[in-house]
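To start, the structure itself, in structure tokens.
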Amino acid sequence: MENKTNCVEIVRKQKQTGKWILISVVLLWFFVLIIFPLIGIVMETFKNAISVITSSLSSTASTHAFWLTILITFVAVIINTIFGTIMAIVFAKQNFKGKLFLESLIDLPFAVSPIVAGFMFVILFGPGGWIGSWFYSMNIKIIYALPGMIIATLFVTLPFVAKEIIPVLREFGIEQDEAALILGASQWQIFWKVTLPSIRWGLAYGVTLTIARSIGEFGAVLVVSGSIINKTQTATLRIHDQFTDLNYAGAFSAALILALISFIILNLIQYAQKRKERI
Amino acid sequence: MNKGLKRFVKGDLTVRGIALFYIGLLIILPVIAITTEAFKGGIPNLWKQITLPQALFSLKFTFIIALIMLVINIITGTATAWVLVRYDFPLKKTINALIDIPFAIPTVVTGMMLIVLCGPRSLIGDFFGKHGIEIIYNKPGIILALIFVTFPFVVRSVQPVLIEMERDMEEAAQTLGASKFKIFFHIVLPTIFPSVLTGAALSFSRALGEFGSIVIVAGNIPMKTQVASVYIYGEIESANIQSGLGTAVVLLLSSFIVLIFLNFIQRWSNKYGK
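Going line by line, the protein sequences match chains A and B. The first sequence: position 264 = 264 (this note's numbering), numbered continuously. The second sequence: position 120 = 399 (this note's numbering), numbered continuously.
Following this line, the structure appears as structure tokens:
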């Protein structure tokens with residue numbers, strides 16, 4: 001009997017050491033991979049005098065770039081929230097031929113390289129493209145201009161809202177819709193009073209992900225924009241531009257601002273996620 | 280049946296029309312446009328563009344680098360999920376929250392962070408440089424960037440499965456005297472395997488297409504450290520649309536294969552998982 005308890009204790013001790021070794025390895029990996037780089041960028045920024053940082057951030061090119069990012073993000077969020085909700089309702093509540101195929105197509109923007117995405121839109125909306133040539137004949141420029149940048153951002157952020165709401169709607173079912181319908185509610189009333197309240201936190205989660213991706217998008221926007229200073233240069237393009245011009249003070253201070261924004265968004269994401277799970 | 284009910288049962292056609300139009304315009308039409316454009320000159324010509332030495336190298340290089348990343352990420356991602364679910368330790372909640380950072384941070388910023396951390400002027404870069412190992416502007420830097428941007432995928436798909444997993448089988452095996460490794464490989468791994476594959480497929484497709492962080496970290500020397508997306512960008516910039524198209528179509532095809540694979544896993548785990 002005594003022997004047996006000893007054995008159990010030894011096993012338990014071994015388990016404890018194994019546990020702590022695994023925890024330390026994972027923590028070390030995590031710190032080297034995620035935390036150190038974050039600290040690094042803060043230190044690199046503040047190597048420069050504060051005056052250098054503020055002057056490079058307040059230059060016209062930089063402020064223009066940040067405003068452009070905000071504008072594109074704003075437009076992309078509104079359009080993709082509306083269309084994302086519509087797509088989710090269609091895929092969760094309706095049945096039709098080819099539904100499974102189309103629903104998996106929604107994931108394509110996640111799987112495709114941003115450079116290939118930008119390239120597709122250059123071919124479609126460029127001066128010689130199927131749609132682009134028509135707009136060019138009306139003197140509307142899409143590629144190397146704001147519309148193209150918005151379209152590219154719409155593409156890369158298309159799945160977020162829809163993918164977040166579809167499972168919520170499926171779980172929620174359509175019994176309440178049917179009840180409302182029988183009681184004489186219109187489609188609009190059903191949407192505002194039944195559907196929207198049930199999806200609101202899933203929607204919030206999808207929207208924050210959309211914001212984060214819109215602000216951070218680089219490859220797709222780079223290809224369609226041409227990155228023209230004071231014209232089609234967003235914050236990420238500006239950072240890249242300054243970095244390749246060896247203007248490290250400007251590049252790192254702008255990068256730090258974006259890192260801070262993403263940090264705030266990350267917190268919003270987590271908050272929305274928690275609320276979503278609670279319901 | 281009243282009119283509203285009929286419309287409801289059949290599904291509102293206007294709403295469906297809007298949804299399909301949006302998917303058609305933003306996803307289907309661009310894919311068709313780029314494919315048509317690529318096949319315009321005929322298949323032999325397209326094949327010639329894909330097998331140009333620089334293009335072929337960039338494709339091979341991208342796949343090899345992504346595979347190395349995949350092996351590292353599967354192991355570290357599963358271990359991280361395991362530690363976060365099964366063990367208690369200080370700062371656990373904070374770390375769990377910070378796992379998503381790579382998704383939130385712009386890829387350009389990621390690239391610059393890695394340069395600060397491991398570049399030639401940094402402590403780590405200096406140390407490895409003295410031993411003749413170049414991290415930034417070479418393969419280790421690219422792999423590091425890929426590991427960073429794809430880190431959350433495996434963790435976040437394995438984590439919920441581990442949380443839901445019942446522990447009675449493990450306990451039974453333990454009382455019967457199975458070793459920890461035996462328990463892991465015979466009980467835990469089969470349960471989490473579909474979710475590991477899902478996370479792996481997502482990180483693989485992300486790694487194949489990654490651009491922002493790599494373009495900063497890689498140095499982008501043709502035939503040495505140039506990945507496919509950077510090669511395509513270079514071809515677009517220098518107006519060699521045709522040679523860019525070949526590589527782009529290969530990447531696009533890989534994305535489709537990953538999507539099909541993901542669908543397959545989903546169905547497979549729905550069938551046998553519950």
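Ideal placement from N, C-alpha and C gives every residue a C-beta, glycine not left out.
- For the pair residue 132 of chain A and residue 142 of chain A, the CB atoms are nearer than the 8 Å cut-off.
- Residue environment for residue 499 of chain B: buried (at least 16 other C-beta atoms within 10 angstroms of its C-beta).
- By the neighbour-count criterion, in which a residue is buried when 16 or more other Cβ atoms sit within 10 angstroms of its Cβ, residue 248 of chain A is buried.
- The alpha-carbon of residue 152 of chain A is positioned some 28 Å away from that of residue 343 of chain B.
- Each residue's CA atom was taken as its position, placing residue 104 of chain A and residue 37 of chain A some 35 Å apart.
- For the stretch 291–320 of chain B, the set of residues with a beta-carbon nearer than 8 Å to any beta-carbon of chain A comprises 291, 294, 295, 297, 298, 299, 301, 302, 305, 306, 307, 308, 309, 310, 312, 313 and 316, in chain order.
- For the stretch 63–109 of chain A, the continuous alpha helix (DSSP H) assignments of 4+ residues that do not extend past its boundaries occur at 99–105, in sequence order.
- When the alpha-carbon of residue 94 of chain A is set against those of B:295, B:533 and B:529, the nearest one is in B:295.
- One finds 305, 306 and 309 in chain B with Cβ atoms closer than 8 Å to the Cβ of residue 155 of chain A, taken in chain order.
- Nearest to residue 336 of chain B by alpha-carbon distance, out of B:535, B:383, B:534 and B:502, is B:502.
- For residue 431 of chain B, the enclosing alpha helix (DSSP H) has its first and last residue at 418–443.
- For residue 201 of chain A, the enclosing alpha helix (DSSP H) begins and ends at 196–216.
- For chain B, the residues of the stretch 167–198 of chain A that bring a beta carbon within less than 8 Å of one of its beta carbons are 177, 178, 181, 182, 186 and 187, in chain order.
- Taking 8 Å as the CB threshold, residue 107 of chain A lines the interface with chain B.
- With a threshold of 8 Å between beta carbons, residue 517 of chain B makes no contact with chain A.
- For residue 337 of chain B, the closest Cβ of chain A is not nearer than 8 Å.
- By alpha-carbon distance to residue 213 of chain A, the top candidate from A:47, A:194 and A:109 is A:109.
- The beta carbon of residue 345 of chain B is closer than 6 Å to those of 483, 486 and 487 in its chain, skipping five residues each way along the sequence.
- Cα atoms of residue 164 of chain A and residue 328 of chain B: separation of roughly 39 Å, rounded to the nearest angstrom.
- With a cut-off of 8 Å on Cβ pairs, the stretch 424–436 of chain B is not in contact with the stretch 526–538 of chain B, counting fewer than three such pairs.
- Taking CB atoms only, residue 102 of chain A has a neighbour in chain B less than 8 Å away.
- Within the same chain, Cβ atoms closer than 6 Å to the Cβ of residue 347 of chain B are found at 422, the five residues on either side in sequence being excluded.
- Interface residue (Cβ-Cβ distance to chain B less than 8 Å): residue 233 of chain A is not classified as such.
- A:215 is the residue among A:215, A:70, A:236 and A:254 whose C-alpha sits nearest the C-alpha of residue 383 of chain B.
- Between residue 404 of chain B and residue 411 of chain B, the CB-CB gap reaches or exceeds 8 Å.
- Following the DSSP letters along the chain, one finds residue 392 of chain B inside the alpha helix (DSSP H) bounded by residues 386–397.
- Taking a C-beta cut-off of 8 Å against chain B, the contacting residues of the stretch 17–47 of chain A are 18, 19, 22, 23, 25, 26, 27, 29, 30, 33, 34, 35, 36, 37, 38, 40, 41, 43 and 44, listed in chain order.
- The alpha carbon of residue 323 of chain B has as its nearest neighbour, out of B:364, B:545, B:542 and B:525, the alpha carbon of B:525.
- Under the criterion of beta carbons closer than 8 Å, residue 250 of chain A and residue 396 of chain B do not qualify as touching, at roughly 20 Å.
- In the structure shown, the three-state DSSP call for residue 138 of chain A is coil.
- Not a single CB atom of chain A sits nearer than 8 Å to the CB of residue 447 of chain B.
- C-alpha of residue 475 of chain B to C-alpha of residue 448 of chain B: approximately 20 Å in a straight line.
- Chain B places a beta carbon closer than 8 Å to that of residue 270 of chain A, counting this residue as a contact.
- Under the criterion of beta carbons closer than 8 Å, residue 491 of chain B and residue 218 of chain A qualify as touching, at roughly 4 Å.
- Shown here, residue 348 of chain B sits in a helix according to DSSP, grouped into three states.
- Interface residue (Cβ-Cβ distance to chain B less than 8 Å): residue 130 of chain A is classified as such.
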